[in-house]
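Protein chains in written order, with the working numbering: chain A, 1 to 103; chain B, 104 to 342.
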């Protein structure tokens, strides 16, 4: 099995279990408030880490500053103007592509 | 900013004067409410298919992933880590950690689901951020018909888009020349903007970013993201 298929199967099974668990195992019961609060803060923590690593990560670890940063900045501006998700991503990609074409 | 759809009902546009609004929403109401996001899900599915293909996942694996995982941010996270050479373990860990939020989400939907256990478990698979938001009433209760209608529309768009993108992936010679590598951080930033409600979540986001920055010079790709999840403890500490 290739790495891609291993990831697909593992993530798929885990996600199906997580989604089903909420309705089956935990029906009528509530996890402790602290655990619940921690779970609610998982997504912001992970997404922020993903922004940083995807914008600044080098090919084999470490940092690399390139056109991605310009794209991210343009996307952030679009976001500030309340552009929809798809437009934010398109603006970021187009900006990075333009910076590369000019550079 | 992830667009939160308006709660279904008579709000968008002037309601027809002759007909009173329906008493209870049906599957079609959910599908209708989700239609614009379904189009976006399709377009996004195409970009996921293209990116997964360019990350060396082949044609079938991205489609199977969209069908079984059906959670955009986790799939993008896994594929971007795989594409950066971060390894299977880091990719799986990051994706699963991102999807842990569907634990509490599924919990809130649990009381709305009906039927035998297998059917409830199957219906719960349709819970994603968007369908969950559409199915929420003003009182915070989940409507099953809206959830299923919206979930099916989103699933069809997402999986169909992925298939198109994975098949057309060959047409995209160099993802970097199209700026697709800049699409990832912008996507995650937009998803993050929709998540940051209140100070404690902002703290968790800042903590996650700081941990990732601190670890990046010393570890391979992937590890900083998984360790950054520890910043979620801010929530437990401040509650």
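Ideal placement from N, C-alpha and C gives every residue a C-beta, glycine not left out.
Check: Answer yes or no: do residue 258/B and residue 23/A have a C-beta to C-beta separation smaller than 7 Å?; Outcome: no
Check: Work out the CA separation of residue 300/B and residue 265/B for me, nearest whole Å.; Outcome: 30 Å
Check: So within the region 47 to 101 of chain A, which uninterrupted alpha helix (DSSP H) runs reach at least 4 residues, ignoring any that extend past its ends?; Outcome: 67 to 80
Check: Using DSSP with H/G/I as helix, E/B as strand and the rest coil, what is residue 239/B?; Outcome: strand
Check: Suppose you measure from the CA of residue 67/A to the CA of residue 91/A; what does that come to, to the nearest Å?; Outcome: 13 Å
Check: By how many angstroms is the C-alpha of residue 294/B removed from the C-alpha of residue 114/B?; Outcome: Any reading at residue 114/B must be qualified, since the residue scores a pLDDT of 45, below 50, and its modelled position is unreliable; the value itself is stated next. Roughly 25 Å separates the two Cα atoms.
Check: Taking contact to mean 3 or more Cβ pairs, one atom from each stretch, closer than 8 Å, check whether the region 46 to 55 of chain A and the region 282 to 296 of chain B are in contact.; Outcome: yes
Check: Can a CB atom of chain A be found closer than 7 Å to the CB of residue 105/B?; Outcome: Low confidence applies to residue 105/B: its pLDDT is 40, below 50, so where it sits in the model is not reliable, and the reading given next is rough at best. Interface residue, yes.
Check: Any C-beta of chain B within less than 7 Å: which residues of the region 61 to 87 of chain A qualify?; Outcome: 61, 62, 63, 67, 68, 71, 72, 75, 76, 79, 82, 84, 85, 86
Check: Can you find a C-beta in chain B that's less than 7 Å from the C-beta of residue 103/A?; Outcome: no
Check: When the cut-off is 7 Å and only beta carbons count, does residue 44/A lie next to chain B?; Outcome: yes
Check: Can you pull the chain A neighbours of residue 310/B, defined as C-beta to C-beta under 7 Å?; Outcome: 45
Check: Measure how close the beta-carbons of residue 57/A and residue 319/B come, nearest whole angstrom, since I'm counting them as under 8 Å.; Outcome: 6 Å
Check: At what residue ranges does the region 171 to 216 of chain B contain a whole run of the alpha helix (DSSP H), taking only runs of 4 or more?; Outcome: 175 to 186, 191 to 202, 205 to 213
Check: With a threshold of 8 Å on Cβ separation, who are the neighbours of residue 191/B within its own chain once the five nearest residues in sequence on each side are excluded?; Outcome: 185
Check: Would you give the residue range spanned by the alpha helix (DSSP H) that residue 244/B belongs to?; Outcome: It is not in any alpha helix (DSSP H) - residue 244/B carries neither H nor E in the DSSP assignment.
Check: Express the C-alpha separation of residue 14/A and residue 332/B in angstroms, rounding to a whole number.; Outcome: 17 Å
Check: Are any of the Cβ atoms in chain A nearer than 7 Å to that of residue 284/B?; Outcome: yes
Check: From the DSSP output, in three-state form, read off residue 153/B for me.; Outcome: helix
Check: 7 Å is my cut-off, CB to CB: does residue 25/A come that close to chain B?; Outcome: no
Check: Pull up the distance between the alpha-carbon of residue 162/B and that of residue 8/A, whole angstroms please.; Outcome: 12 Å
Check: Below 7 Å on C-beta distance, what does residue 250/B contact in chain A?; Outcome: Correct list: empty, because the minimum Cβ distance to chain A is about 11 Å.
Check: Would you say residue 149/B reaches chain A, if we count a Cβ-Cβ gap shorter than 7 Å as a contact?; Outcome: no
Check: Using the beta-carbon count (16 or more within 10 Å), is residue 169/B buried or exposed?; Outcome: buried
Check: Count the other CB atoms within 10 Å of the CB of residue 218/B; is the residue buried (16 or more) or exposed (fewer)?; Outcome: exposed
Check: Could you check whether residue 43/A and residue 204/B sit closer than 7 Å to each other, using their CB atoms as the reference points?; Outcome: yes
Check: Output yes if chain A places a C-beta closer than 7 Å to the C-beta of residue 145/B; else output no.; Outcome: no
Check: Quick check on the DSSP output: what are the complete alpha helix (DSSP H) runs of length 4 or more inside the region 273 to 312 of chain B, in order along the chain?; Outcome: 283 to 298
Check: Assuming residue 229/B contacts residue 250/B under a Cβ cut-off of 8 Å, what Cβ separation, rounded to an integer in Å, is found between them?; Outcome: 6 Å
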